[in-house]
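A.B. asks:
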Amino acid sequence: LQLTLAVIKPDAVAHPLILEALHQKILKNKFIIVRSKDLIWRRQDSERFYAEHKGRFFYQRLVEFMSSGPMRAYILARENAISQWRELMGPTKVFRARYIAPGTIRALYGLTDTRNTTHGSDSVESAQREIAFFFPEFSVE
Ligand code: ATP
Ligand code: MG
């Protein structure tokens with residue numbers, strides 16, 4: 012089974028019904044929840060995690076948003092977990108998601124291109140890095 016790192020971002024954790032709907036969606040889509048935790052980032056955690064986007068026009072609002080309130084992180088296991096979770100999320104941009112992928116998480120619950128409800132690793136390498144970032148105590152060894 013493949014592992015991925017999924018995060019429910021502050022906009023969705025703030026709403027109990029959306030948080031519960033996303034948790035149920037994870038279970039219904041046959042993901043195994045290997046670990047989960049609720050956490051709040053300091054601004055420096057946000058800056059470190061999104062270092063690859065430094066300099067992009069949305070970087071400041073992104074790091075601000077991601078350290079604005081509680082998040083929930085999951086290590087999920089499934090066959091093709093990385094692509095399956097990203098397929099459930101839909102495109103990054105909420106209005107594009109509503110247009111080309113209605114029914115996806117971001118189409119249903121996303122507020123803006125920044126406040127877009129969830130994160131998912133985009134490759135095996137980023138999944139490893141991101142799992143270690145959120146769950147330093149977790150090791151597959
Ligand atoms: P994520 O990494 O959160 O799973 P993603 O891989 O679909 O999303 P990235 O390109 O990695 O998208 O961007 C990371 C995050 O930065 C996005 O989820 C979104 O919150 C924010 N972001 C990306 N592009 C834009 C944009 N054009 N305008 C505003 N915010 C953006
Ligand atoms: Mg990404």
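In the UniProt record's numbering, the protein residues as written are 12 to 152.
Backbone N, C-alpha and C fix where the C-beta goes; we use that ideal spot for every residue, glycine too.
Below 8 angstroms, can you find three or more Cβ-Cβ pairs linking the segment 34 to 48 to the segment 81 to 89?
C.D. replies: Output reads yes: the segment 81 to 89 touches the segment 34 to 48.
A.B. asks: Taking the beta carbon of N127 as the centre, do at least 16 other beta carbons fall within 10 Å, making it buried, or is it exposed?
C.D. replies: Result: buried.
A.B. asks: Who are the Cβ neighbours of G101 in its own chain at under 7 angstroms, not counting the five residues just before and after it?
C.D. replies: Contacts found: A108, A112, T115, I116, R117 and A118.
A.B. asks: Could you name the residues of the same chain whose beta carbon sits closer than 8 angstroms to that of K20, not counting the 5 residues immediately before and after it, in chain order?
C.D. replies: Correct list, in chain order: F76, M77, M82, R126, N127, T128, T129 and H130.
A.B. asks: So the candidates are K41, L33 and E58; which of them puts its Cα closest to the Cα of L12?
C.D. replies: Selected option, being the one with the closest Cα: K41.
A.B. asks: Leaving aside the five residues before and after R54 along the sequence, list all residues of the same chain whose C-beta is less than 6 angstroms from its C-beta, in chain order.
C.D. replies: The answer, listed in chain order, is S78.
A.B. asks: Taking the alpha helix (DSSP H) that R117 belongs to, which residues open and close that run?
C.D. replies: I116 to Y120 is the extent of the alpha helix (DSSP H) around R117.
A.B. asks: In terms of residue numbering, what span does the beta strand (DSSP E) encompassing Y61 cover?
C.D. replies: Neither: Y61 is in no beta strand (DSSP E) and is coded neither H nor E.
A.B. asks: Using the C-alpha atoms, what's the distance from W96 back to L30?
C.D. replies: The straight-line gap from Cα to Cα measures roughly 16 angstroms.
A.B. asks: List the endpoints of the continuous alpha helix (DSSP H) containing S78.
C.D. replies: No alpha helix (DSSP H) contains S78, which DSSP labels as neither H nor E.
A.B. asks: If you reduce the DSSP assignment to three classes, tell me which class D49 lands in.
C.D. replies: In this structure, D49 counts as strand in the three-state DSSP scheme.
A.B. asks: Quick one: does the C-beta of D133 sit closer than 7 angstroms to a heavy atom of the ligand GDP?
C.D. replies: This structure simply doesn't include the ligand GDP; it includes the ligand ATP and the ligand MG instead.
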